[in-house]
Amino acid sequence: MSSNSSPEKVQKTTGLHVGTIEPGVKKVDAIISMDHVHRQFGGLTAVDVEHLEIPRGAITALIGPNGAGKTTLFNLLTGFDKPDTGEWTFDGRNIAGVPAFKLAQMGQVRTFQLTKALGLLTVLENMKLGAKNQKGESFLRSLFPFLWKKQDDEIAEKAMRLLTKFKLDAKKDDFAASLSGGQRKLLEMARALMSDPELVMLDEPMAGVNPALTQSLLDHILDLKKEGMTVLFVEHDMHMVSHIADWVVVLAEGRVVAEGPPTEVMKNPAVIDAYLGSHQDVDLGTVTGRIPKISE
Amino acid sequence: MDWGSILSNTAQSLLSPATMAFALAALGLAVHFGFAGLLNFGIAGFMAVGAYGYAISILTFGLPWWGAALVGLGASVVFAIIMGVPTLRLRGDYLAIVTIAAAEILRLLFLTTAFEEVTGSADGLFGYHASFRASNPFPEGTYGFGPWTYNEVEFWVLVIGLVLVALAALFVWRLMHSPWGRVIKGIREDEDAVRALGKNVFAYKMQALIIGGVIAAVGGIVYALPSAVNPNVYVTSLTFFVWTALLLGGAATVFGPLLGAVLFWVLQSFLSNLLPALVSSGLLPMVSSQQAATLRFVLVGLGLVLLVIFRPQGILGDKRELTFVK
Numbered sequence: 078m079s080s081n082s083s084p085e086k087v088q089k090t091t092g093l094h095v096g097t098i099e100p101g102v103k104k105v106d107a108i109i110s111m112d113h114v115h116r117q118f119g120g121l122t123a124v125d126v127e128h129l130e131i132p133r134g135a136i137t138a139l140i141g142p143n144g145a146g147k148t149t150l151f152n153l154l155t156g157f158d159k160p161d162t163g164e165w166t167f168d169g170r171n172i173a174g175v176p177a178f179k180l181a182q183m184g185q186v187r188t189f190q191l192t193k194a195l196g197l198l199t200v201l202e203n204m205k206l207g208a209k210n211q212k213g214e215s216f217l218r219s220l221f222p223f224l225w226k227k228q229d230d231e232i233a234e235k236a237m238r239l240l241t242k243f244k245l246d247a248k249k250d251d252f253a254a255s256l257s258g259g260q261r262k263l264l265e266m267a268r269a270l271m272s273d274p275e276l277v278m279l280d281e282p283m284a285g286v287n288p289a290l291t292q293s294l295l296d297h298i299l300d301l302k303k304e305g306m307t308v309l310f311v312e313h314d315m316h317m318v319s320h321i322a323d324w325v326v327v328l329a330e331g332r333v334v335a336e337g338p339p340t341e342v343m344k345n346p347a348v349i350d351a352y353l354g355s356h357q358d359v360d361l362g363t364v365t366g367r368i369p370k371i372s373e
Numbered sequence: 086m087d088w089g090s091i092l093s094n095t096a097q098s099l100l101s102p103a104t105m106a107f108a109l110a111a112l113g114l115a116v117h118f119g120f121a122g123l124l125n126f127g128i129a130g131f132m133a134v135g136a137y138g139y140a141i142s143i144l145t146f147g148l149p150w151w152g153a154a155l156v157g158l159g160a161s162v163v164f165a166i167i168m169g170v171p172t173l174r175l176r177g178d179y180l181a182i183v184t185i186a187a188a189e190i191l192r193l194l195f196l197t198t199a200f201e202e203v204t205g206s207a208d209g210l211f212g213y214h215a216s217f218r219a220s221n222p223f224p225e226g227t228y229g230f231g232p233w234t235y236n237e238v239e240f241w242v243l244v245i246g247l248v249l250v251a252l253a254a255l256f257v258w259r260l261m262h263s264p265w266g267r268v269i270k271g272i273r274e275d276e277d278a279v280r281a282l283g284k285n286v287f288a289y290k291m292q293a294l295i296i297g298g299v300i301a302a303v304g305g306i307v308y309a310l311p312s313a314v315n316p317n318v319y320v321t322s323l324t325f326f327v328w329t330a331l332l333l334g335g336a337a338t339v340f341g342p343l344l345g346a347v348l349f350w351v352l353q354s355f356l357s358n359l360l361p362a363l364v365s366s367g368l369l370p371m372v373s374s375q376q377a378a379t380l381r382f383v384l385v386g387l388g389l390v391l392l393v394i395f396r397p398q399g400i401l402g403d404k405r406e407l408t409f410v411k
């Protein structure tokens with residue numbers, strides 16, 4: 078993989094794909110690979126993905142207009158929703174039908190569009206909850222503190238390191254409910270990192286975050302990549318997408334209509350229509366038919 | 086008015102088996118509702134399972150009292166599992182509906198004449214005390230002082246009851262201050278978030294339902310220890326009295342339910358002694374002595390309303406919780 082500098086001086090990861098760039102293109106090293114994933118709500122087809130691979134060690138953005146099926150795809154990938162048909166693998170393991178909590182234990186952790194800070198737990202308790210394989214979380218062992226006290230202290234230390242990085246250390250004893258919306262986003266991301274994930278999935282990390290905090294959130298996301306994690310995120314803010322994403326997947330009407338490096342994707346007429354507003358009156362729905370989709 | 090007897094009756098209720106039974110049931114409910122966020126409106130059912138399991142094991146199967154108590158607790162585990170498997174995957178209010186119905190079904194099963202030989206139907210069960218009394222280590226005589234004077238049988242009940250309350254409180258306190266308790270409290274706040282962090286939410290909720298149910302069943306057994314088991318005790322209003330005790334003390338605390346149960350019974354007993362005395366001495370005009378007995382429930386209800394308005398977190402609850410009520 079080679080790296081070159083983008084105008085914003087963010088190191089982009091390139092050389093992620095094999096062959097011609099088109100929807101469903103094969104990746105050099107895919108962390109997630111899905112086939113024929115189909116999810117219908119009544120008469121509405123929310124997700125209908127023939128083939129999609131998410132590259133490892135890069136930041137992938139999932140974009141698309143409202144109702145394109147981004148969050149549904151997210152829920153399917155994380156086990157919070159079950160598809161009608163389809164199979165997909167994470168790290169080479171088949172994970173179709175695996176419940177959400179097991180996927181999280183495998184190293185795939187997500188955040189939510191509407192932040193889910195655990196309000197009446199302190200910030201530190203929120204963080205500690207994120208750690209995996211805790212001895213004291215088994216009912217019988219929890220009764221004997223000498224079995225888990227040492228591990229719990231180590232988890233607390235790790236939590237404090239992360240909280241310091243996310244500038245929440247001063248809040249550690251406050252209820253999470255007392256944090257501002259942006260701080261809750263930070264807390265949720267920090268909490269997800271407690272489990273040392275391989276793949277971090279962020280559902281609209283910037284929604285409702287003030288511009289001052291946006292930059293620090295962006296830096297945190299870029300740091301994830303530096304630390305060797307794969308990031309997949311849903312976002313509406315095109316500026317942010319082109320700033321940090323290495324690869325962009327565009328969904329419309331549940332289908333992948335375009336994918337590629339951000340600079341390439343931005344030139345795609347379908348994406349221009351949807352996001353840059355040159356043809357705001359054109360319904361993106363027509364795009365699905367206009368761009369020929371490659372079936373294997 | 087005989088203030089001496091009013092006060093001594095009130096003081097007695099401080100340590101009555103009913104108070105200890107309520108304390109245990111409220112503690113079990115605290116595990117369900119206060120810590121795990123499970124809306125259980127069938128706490129009377131768990132108490133009934135404990136009490137009937139205890140009495141039936143002795144009368145029908147001839148077990149010793151401690152073996153019978155274990156059967157009662159085992160039955161409450163089974164009851165929790167039967168109730169939890171179909172409902173814990175659903176949202177909280179479904180559990181509320183199922184629990185209230187399950188407790189009623191259970192009570193009607195105990196009440197029906199179809200199983201009269203085992204359950205005693207409407208008469209309930211009694212006369213199962215031989216084994217418990219035979220195990221009494223205290224020699225005949227009187228124990229205690231003032232209003233708290235007991236014979237050896239009452240004293241044995243009291244000691245067992247207090248030991249059980251203390252053990253249950255210690256047990257819950259230990260659990261809730263462990264990583265296990267952290268997961269349970271996280272589930273109360275938002276179970277999807279906890280699921281996303283890799284915890285098996287269903288298993289944790291089931292464990293909480295079982296643990297709280299067992300503690301409530303201990304309460305049912307303590308209730309049954311000195312007296313009898315009657316299906317008319319385990320009605321829905323018992324559930325709501327336990328809820329009252331819980332909310333009075335503070336739902337998400339360990340000692341709140343104990344304090345709440347004591348206050349509930351002391352208040353009940355004080356009013357049920359005071360109001361008829363006021364009527365008979367003519368201090369409460371326009372109220373008959375029968376009405377006076379019911380008036381205490383009105384006053385307790387009024388007290389609860391005031392509590393919910395002015396101190397919704399309960400007496401021992403954390404004040405900060407109030408600021409962030411959803």
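Chains A and B supply the protein sequences, listed in that same order. Taking the numbering used here, the leading residue of the first sequence gets 78, the next gets one more, and so forth. Taking the numbering used here, the leading residue of the second sequence gets 86, the next gets one more, and so forth. Cβ coordinates follow ideal geometry from the N, Cα and C atoms, glycine included.
Buried versus exposed, by CB contacts within 10 Å (16 or more), residue i
{"i": "residue 229/B", "result": "exposed"}
{"i": "residue 248/B", "result": "exposed"}
{"i": "residue 97/A", "result": "exposed"}
{"i": "residue 133/A", "result": "buried"}
{"i": "residue 281/A", "result": "buried"}
{"i": "residue 34/B", "result": "Residue 34/B lies beyond the residue range present for chain B, which begins at 86 and ends at 411; the question has no answer from this structure."}
{"i": "residue 202/B", "result": "exposed"}
{"i": "residue 323/A", "result": "buried"}
{"i": "residue 143/A", "result": "exposed"}
{"i": "residue 255/B", "result": "exposed"}
{"i": "residue 292/A", "result": "exposed"}
Residue(s) in a DSSP beta bridge with residue i
{"i": "residue 117/A", "result": "122/A"}
{"i": "residue 337/A", "result": "325/A"}
{"i": "residue 277/A", "result": "186/A and 308/A"}
{"i": "residue 95/A", "result": "103/A"}
{"i": "residue 132/A", "result": "107/A"}
{"i": "residue 229/B", "result": "234/B"}
{"i": "residue 138/A", "result": "310/A and 325/A"}
{"i": "residue 314/B", "result": "210/B"}
{"i": "residue 332/A", "result": "329/A"}
{"i": "residue 252/A", "result": "199/A"}
{"i": "residue 112/A", "result": "128/A and 164/A"}
Rounded straight-line distance, which links the Cα of residue j to that of residue i
{"i": "residue 306/B", "j": "residue 224/B", "result": "23 Å"}
{"i": "residue 288/A", "j": "residue 327/A", "result": "25 Å"}
{"i": "residue 379/B", "j": "residue 212/B", "result": "31 Å"}
{"i": "residue 110/A", "j": "residue 324/B", "result": "52 Å"}
{"i": "residue 388/B", "j": "residue 396/B", "result": "11 Å"}
{"i": "residue 286/B", "j": "residue 207/A", "result": "14 Å"}
{"i": "residue 187/B", "j": "residue 193/B", "result": "10 Å"}
{"i": "residue 305/A", "j": "residue 275/A", "result": "8 Å"}
{"i": "residue 253/B", "j": "residue 164/A", "result": "48 Å"}
{"i": "residue 341/B", "j": "residue 183/B", "result": "26 Å"}
{"i": "residue 108/B", "j": "residue 334/B", "result": "10 Å"}
{"i": "residue 269/A", "j": "residue 333/A", "result": "27 Å"}
{"i": "residue 356/B", "j": "residue 381/B", "result": "6 Å"}
{"i": "residue 130/A", "j": "residue 104/A", "result": "6 Å"}
{"i": "residue 272/A", "j": "residue 184/A", "result": "7 Å"}
{"i": "residue 343/A", "j": "residue 100/A", "result": "15 Å"}
{"i": "residue 82/A", "j": "residue 325/A", "result": "The pLDDT assigned to residue 82/A is 39, lower than 50, so where the model puts this residue is not dependable; a value taken from the coordinates is nonetheless given after this. Taking the straight line from one Cα to the other gives about 17 Å."}
{"i": "residue 239/B", "j": "residue 384/B", "result": "31 Å"}
{"i": "residue 259/A", "j": "residue 234/A", "result": "24 Å"}
{"i": "residue 179/A", "j": "residue 178/B", "result": "26 Å"}
Next on the checklist: Restricting to runs no shorter than 4 residues, where is the alpha helix (DSSP H) found entirely within the stretch 147 to 211 of chain A?
Outcome noted: Whole alpha helix (DSSP H) segments, 4+ residues: 147 to 154, 177 to 183 and 200 to 206.
Item to check | Cβ-based contacts, 8 Å cut-off: residues of the stretch 275 to 290 of chain B near chain A | outcome: Answer in chain order: 275, 277, 278, 279, 280, 281, 282, 283, 284, 285 and 286.
Checklist entry - Given a limit of 8 Å on CB to CB distance, which residues of the stretch 257 to 274 of chain B reach chain A? => result 259, 260, 263, 264, 265, 266, 267, 268, 270, 271, 273 and 274
Checklist entry - Going along the chain, which residues of the stretch 288 to 307 of chain A sit with their C-beta nearer than 8 Å to a C-beta in chain B? => result Taking a C-beta cut-off of 8 Å against chain B, none of the residues of the stretch 288 to 307 of chain A qualify.
Next on the checklist: Report the start-end ranges of each alpha helix (DSSP H) in the stretch 160 to 190 of chain B that is 4 residues or longer and not cut off at the edges.
Outcome noted: none
Checklist entry - Where are the beta strand (DSSP E) runs, 3 residues long or more, that stay fully inside the stretch 308 to 356 of chain B, in chain order? => result none
Checklist entry - Just by C-beta distance, which residues in the stretch 140 to 167 of chain A are closer than 9 Å to chain B? => result If you check each beta-carbon in the stretch 140 to 167 of chain A against every beta-carbon of chain B, the ones closer than 9 Å belong to 155, 156 and 157.
Next on the checklist: As an exercise, report each continuous alpha helix (DSSP H) stretch of at least 4 residues that is fully enclosed by the stretch 242 to 283 of chain B, in chain order.
Outcome noted: 264 to 274 and 276 to 281
Next on the checklist: Residues of the stretch 181 to 193 of chain A in Cβ contact with chain B at a cutoff of 8 Å, in chain order, please.
Outcome noted: 181, 182, 186, 187, 188, 189 and 193
Item to check | Interface residues of the stretch 290 to 316 of chain B facing chain A [CB-CB below 7 Å] | outcome: 292
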